[in-house]
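Numbering (this note's numbering), first residue to last: -12 to 79.
In C-alpha coordinates, the structure reads:
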(Lines of atoms letter the chains of each structure in order from A and count residues from 1; the text may use other names and numbers.)
(Lines give C-alpha, C1' and ligand atoms only; values in the text may rest on other atoms or scores of the structure.)
Protein backbone atom coordinates (compact mmCIF):
# COMPACT_ATOMS: atom_id res chain seq x y z
CA UNK A 1 0.00 0.00 0.00
CA UNK A 2 1.26 3.48 -0.89
CA UNK A 3 1.97 5.79 2.00
CA UNK A 4 -0.39 8.74 2.32
CA UNK A 5 2.48 11.21 2.32
CA UNK A 6 3.19 10.29 -1.34
CA UNK A 7 -0.08 11.88 -2.44
CA UNK A 8 0.50 15.34 -3.90
CA UNK A 9 -1.73 17.66 -1.89
CA UNK A 10 0.44 20.72 -2.44
CA UNK A 11 -2.47 22.67 -3.91
CA UNK A 12 -4.94 21.57 -1.25
CA UNK A 13 -6.59 24.06 1.07
CA UNK A 14 -5.98 22.88 4.64
CA UNK A 15 -7.98 23.86 7.71
CA UNK A 16 -7.64 22.84 11.33
CA UNK A 17 -10.55 21.00 12.89
CA UNK A 18 -12.61 23.06 15.32
CA UNK A 19 -12.32 20.06 17.68
CA UNK A 20 -8.51 20.31 17.89
CA UNK A 21 -7.09 20.85 21.35
CA UNK A 22 -4.74 23.56 22.53
CA UNK A 23 -2.21 20.86 23.50
CA UNK A 24 -1.37 20.19 19.86
CA UNK A 25 -3.66 17.20 19.33
CA UNK A 26 -4.88 18.59 16.03
CA UNK A 27 -6.55 17.24 12.96
CA UNK A 28 -6.36 19.07 9.68
CA UNK A 29 -8.49 18.41 6.62
CA UNK A 30 -7.84 19.41 3.03
CA UNK A 31 -10.26 20.48 0.36
CA UNK A 32 -9.27 18.91 -2.92
CA UNK A 33 -9.92 22.14 -4.77
CA UNK A 34 -10.92 22.27 -8.40
CA UNK A 35 -10.15 18.72 -9.51
CA UNK A 36 -12.07 17.18 -12.42
CA UNK A 37 -14.62 14.66 -11.11
CA UNK A 38 -16.31 12.09 -13.32
CA UNK A 39 -19.44 10.13 -12.57
CA UNK A 40 -19.35 6.35 -12.69
CA UNK A 41 -20.93 4.88 -15.82
CA UNK A 42 -22.63 2.37 -13.50
CA UNK A 43 -24.41 5.06 -11.48
CA UNK A 44 -28.16 4.64 -11.31
CA UNK A 45 -30.75 7.11 -12.55
CA UNK A 46 -32.05 7.70 -9.01
CA UNK A 47 -29.02 9.82 -8.00
CA UNK A 48 -27.16 6.95 -6.31
CA UNK A 49 -23.90 8.03 -7.92
CA UNK A 50 -20.21 7.67 -7.23
CA UNK A 51 -17.72 10.14 -8.63
CA UNK A 52 -13.96 9.70 -8.94
CA UNK A 53 -11.10 12.13 -9.52
CA UNK A 54 -7.56 11.26 -10.53
CA UNK A 55 -5.05 13.07 -8.35
CA UNK A 56 -1.27 12.97 -8.53
CA UNK A 57 -0.48 9.68 -6.83
CA UNK A 58 -4.03 8.95 -5.65
CA UNK A 59 -7.67 8.50 -6.59
CA UNK A 60 -10.44 10.37 -4.78
CA UNK A 61 -13.97 8.99 -4.46
CA UNK A 62 -17.07 10.91 -3.35
CA UNK A 63 -20.84 10.74 -3.27
CA UNK A 64 -22.24 12.91 -6.08
CA UNK A 65 -25.21 13.89 -3.89
CA UNK A 66 -22.79 15.60 -1.49
CA UNK A 67 -20.00 17.15 -3.59
CA UNK A 68 -18.91 19.42 -0.73
CA UNK A 69 -18.82 16.45 1.65
CA UNK A 70 -15.96 14.09 2.40
CA UNK A 71 -13.93 12.27 -0.23
CA UNK A 72 -12.07 9.03 0.26
CA UNK A 73 -8.50 9.24 -1.08
CA UNK A 74 -6.75 5.97 -1.91
CA UNK A 75 -3.57 4.92 -3.71
CA UNK A 76 -4.05 4.06 -7.41
CA UNK A 77 -3.10 0.41 -6.88
CA UNK A 78 -5.75 0.01 -4.19
CA UNK A 79 -8.37 1.63 -6.44
CA UNK A 80 -7.41 -0.67 -9.32
CA UNK A 81 -7.71 -3.72 -7.04
CA UNK A 82 -11.14 -2.54 -5.89
CA UNK A 83 -12.36 -2.02 -9.47
CA UNK A 84 -11.02 -5.45 -10.45
CA UNK A 85 -12.89 -6.95 -7.50
CA UNK A 86 -16.08 -5.29 -8.68
CA UNK A 87 -15.65 -6.56 -12.23
CA UNK A 88 -14.99 -10.12 -11.08
CA UNK A 89 -17.87 -10.15 -8.54
CA UNK A 90 -15.40 -10.69 -5.70
CA UNK A 91 -17.67 -8.76 -3.32
CA UNK A 92 -20.91 -10.60 -4.08
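Using N, Cα and C, we set each Cβ at its ideal position, and we do this for glycine too.
Check the Cα spacing between residue 36 and each of 24, 47, 51: the tightest is with 51. Residue nearest to residue 65 within the set 46, 76, 78 is 46 (criterion: CA-CA distance). Taken atom to atom, the span from the alpha-carbon of residue 72 to that of residue 3 is near 36 Å. Taking the C-beta atoms as reference points, residue 41 is found no nearer than 7 Å to residue 24. Taking the Cα positions, residue 48 is about 6 Å away from residue 38.
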